[in-house]
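Chains as they are written, first to last, in my numbering: chain A, 31 to 998; chain B, 120 to 370.
So, in structure tokens, the structure goes:
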């Protein structure tokens, strides 16, 4: 017996397990062979799956991880999140002990307010220092300033609000001095004051009450707290915005208030007795509370304000006398902005859906290509379940590979996008930081995997089953026409349901949007929901439009003759036969072009709107902001004299109360404001700016209120109302409501927190300046708007003003430099980048689909082309014919897809606003970037045609004889 | 020699694959004159179709020459070969190779259009040709709506659409019953005669040699010309020609 006989001679008895394993191994080999024989199609499907899944995973991982980093970063840039005070000063130690031990608290620092004196050495106890500018000896006056007594540790946090010339340290024997105070001392000492200089300082343990005549030096308690030769380590300017210290000490319009003219003194240099005396003299200490960011964001970024509230409640419930101020508004704004910007990534959904769709179509083509294989297997007696099992096995292998690759890609992309997006360069630190914070949600991974792979498996198996069980399929559906009719009715019904759902969501969005004056959580959610329904509507719409186009393409024979002349016969016949692949191609191209146009248009609209809005917020050609409140009339004259400035106006400003709302009251010269301000038709509600400001000019008792106040308090135009608590006192004045305003140039929105403007209050009202100057005695303000003379150089004007007045900034790049978007921008691409990326992805998908389709359609036509060649047709003609065909589809889908995209943008812009902008300060109107659109479209067409040519050439290289013989 | 349209000289064709090299034609030579009706007889796999493909310029020989009008077609450029196939050759395929999405009339129009005629003229010519093959009434039928005989008639009309000099038919009766086969052969012969075309057709059935003026038998890659009278003498009885078909099973 030879080896073969050994092998076949005895029939080995296999156990059930062995049979099972043998069968499994055989099927596995078969599946592997199938995959390796179809490398190209399998690669396309795998890439499609990896692409769709990894985008979803990236979005999930990125969201989860970014919110941690954003929260940590934001909290790190705040000095403190809370300050606590109490009128029972002897309980302060207990409050401190409780607060410092709270799990949420990282650090608690003491703060004592008092007064510091300079040039006091030669002044006797009876020296009269009050009024400060009319002292007993004005040739050698004493200098008084606010003193902030803090620990040296606290300066590390407070310095975040200061721009310091010198060092930011506050060790024993050191002080930090404000720029304004330094300038005062320069006059007094007649020398320059610079960092490193030594100075004598007295810290008062008591502040005299000038109301009862305590005007002499003896009323200060400084004898025990005189410090000699203290080093001025740094001279500071206040530059903070979202800060607890500014809430404690800040003044009008974030000017820094007491921080502007003050010093910081090391608390440790005072004895316990000193502190006790200060305390006993009614100078109440405060506790500055810094929280632990990791604990604060433990329940998610949106819960941070509430978590902070809970801390304040914990303190207040235990110490009824305690007052806690928390920065919840600022943190809430950050959380809102985070929600909005992350929701804007929902705009990427169409690209993801299109990718999934591409994958499905590619898998459909693969199944169709394998029609003969299925027939062959059936003819050899394979039962349906065996064939389905082979496809299922292939699916499992491809899916597993795709899943592994997608998770890897998702993690990498989540770290790469912010690292690459940040300031246009790769940031290694951000990249590694992402990995430190990396958070993966198994729930998201599972949902997305099931969703994408489920759709892919479902569609593939439906196709396989329809081939495998064709007999059953045909017996169930009597005729092809009947099948088509049923299919069409199902699609129409699905479209009707989707459309109804979309309309419902739009109504819901309109309801939510109307009830709010700015876009918050509710409107963002409603907008995202409407977007998802809208994408589904677009899919259906593209499908039905594609049917219409295909019908038209079948009926315009003369047009083909006119364009393609001799080649028109075969081009027309090929288009007329309307295979499923061609129908799919039309549908998918319309969809892609429509989405591409929508993406580009929404992006350009958003960017254009931002530019216009920024200009509106700036207010005029020139915006001048002063760090200190200045006399408006005086500075109008000073600044107006600068060359290049045409007309200038300032805003007298004061705080007051309307109803129960704190408001900023701005005094304006109405006619000047009308000329200088960049008004829009949307600035006022129900009236144009000219009429509104003319009424204000002509009726001195008029007041312009926000539409929110008018609605809330149910005022009518012409009705009288009162504004109370001017200057925080009992002063009340009556006005006549003359107009409702939504926003004004230079001032931003009239109601709501406008993070870009960094206003103190949620509301502002407009009065004629005469009322503020003459009736209320308000002369000061911090804001000026001016127009420039024709041809004037704005940069020169800016340089001149900033050189003359160092506490003034001209046309700042951002009105609020600490605009919350900074943190978001750092980690989340701007909506314009999301849209651009979406457009690029759609472009790539479009090109890939055209190439796959061309390859598939040509594959199906290989024998046809071989016959034409055998009959004497030449390759050039066939190439022209194929390029002609692709061009017909490209051009017809462009002609329909682009206008459809414009319509879709127009509609989408009505409900996408919350995902694009925080407030509609100016009306969001469609703006088309024809340049970018043209680039996108031309790229799509050129890439498609250039990509198709090698495929056509490759197809043409086959031997005619082989093609005629081959089973394609 | 001058009257010969096609001269085949030492034609050799082999196919190579990873496993083996298969030689189908081992240096065949023959000549075709105007008006010749040549039957190429041989078993399946003897190289009949290969020979026709080489003659039609849709395949290339491994060695040897094919002269048409005194010029070696293997030295022609691709465009010259297209021109040759379009204008000089009419090819009837065994498996019809009709374009499934075109109706009978449109299938016949294709080569006429390829020659540069307008669609209107091509349509008139094609309709006349379909009438000639007695298929005018089914001009608008799609191939799947036609019987095999009707499909073959469409192929005939398509093959003669450009009035070629040489009509090549690969087993024109191969898929047809004998009655339909007869009628197709008669049609081909009458058209060839009427249009003064040379005609080369293949068959594995000696019965169809009776229409030929010359008979070539392909066996073991070699070609031998037989006297048509020999076939007539034995009544085209297939069993008596079995010796011709031994040893060939290349396909």
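We put the beta carbon where it would ideally sit given N, CA and C, even for glycine.
For residue 338(B), the uninterrupted beta strand (DSSP E) segment begins and ends at 333–338. Fully contained in the segment 887–918 of chain A are the following alpha helix (DSSP H) runs of length 4 or more, in chain order: 892–900. Membership of residue 165(A) in any beta strand (DSSP E) is not indicated, and neither H nor E is assigned to it by DSSP. Excluding five sequence positions before and after residue 680(A), the CB atoms of its chain that fall closer than 7 Å to its own CB belong to 662, 665, 666, 811, 813, 814, given in chain order.
At a cut-off of 8 Å between beta-carbon atoms, residue 889(A) makes no contact with chain B. Chain order gives no chain B residues near residue 410(A), where near means a beta carbon separation below 8 Å; the closest approach is about 22 Å. Straight-line measurement puts the Cα of residue 270(A) at about 16 Å from the Cα of residue 359(A). A straight-line Cα-Cα distance of about 57 Å links residue 337(B) and residue 516(A).
Across the structure, residue 388(A) and residue 879(A) are spaced so that their CA atoms are roughly 7 Å apart.
According to the DSSP secondary-structure assignment, residue 817(A) is paired through a beta bridge with 677(A). Ranked by how close their Cα comes to the Cα of residue 127(A), the residues 85(A), 538(A), 317(A), 242(A) have 317(A) in first place. According to the DSSP secondary-structure assignment, residue 494(A) is paired through a beta bridge with no residue. Here the alpha carbons of residue 952(A) and residue 274(A) stand approximately 32 Å from one another. Chain A has a Cβ within less than 8 Å of the Cβ of residue 220(B).
Fewer than three pairs of CB atoms, one per stretch, sit closer than 8 Å, so the segment 821–839 of chain A makes no contact with the segment 715–732 of chain A. Within the model, the alpha-carbon separation for residue 351(B) versus residue 414(A) is close to 55 Å. The beta carbon of residue 994(A) sits closer than 8 Å to some beta carbon of chain B.
Within the segment 600–615 of chain A, the residues whose Cβ lies closer than 9 Å to some Cβ of chain B are 600, 603, 604, 606, 607, 609, listed in chain order. Between residue 205(B) and residue 234(B), the C-beta spacing is below 8 Å.
Residue 582(A) and residue 470(A) have their C-alpha atoms spaced approximately 50 Å apart. The shortest CA-to-CA distance from residue 147(A) to any of 187(A), 237(A), 201(A) is the one to 237(A). Among the residues of chain A, those whose CB is under 7 Å from the CB of residue 238(B) are 599, following chain order.
Around residue 579(A), no beta-carbon contact reaches into chain B at under 8 Å, the shortest distance being about 19 Å. Inclusion of residue 865(A) and residue 377(A) in the CB contact set at 8 Å is warranted, their separation being smaller than that value. Here residue 158(A) is exposed. Its C-beta has fewer than 16 other C-beta atoms within 10 Å. CA-CA distance, residue 789(A) to residue 536(A), rounds to 33 Å. Three or more beta-carbon pairs separated by less than 8 Å are not found between the segment 611–623 of chain A and the segment 249–265 of chain B, which leaves the two stretches without contact. In terms of Cβ geometry, residue 173(A) and residue 145(A) do not form a close pair [threshold 8 Å]. A straight-line Cα-Cα distance of about 21 Å links residue 490(A) and residue 381(A). With 16 or more other CB atoms across the displayed protein chains lying within 10 angstroms of its CB, residue 165(A) is buried. At a cut-off of 8 Å between beta-carbon atoms, residue 894(A) makes contact with chain B.
Here the C-alpha atom of residue 823(A) lies approximately 12 Å from the C-alpha atom of residue 672(A).
Comparing alpha-carbon positions, the option among 910(A), 57(A), 895(A), 885(A) lying closest to residue 395(A) turns out to be 885(A). With a threshold of 8 Å between beta carbons, residue 64(A) makes no contact with chain B. In the assembly as shown, residue 225(B) is a buried residue. Its beta-carbon has 16 or more other beta-carbons within 10 Å. Our two residues, residue 674(A) and residue 841(A), have alpha carbons roughly 15 Å apart in a direct line.
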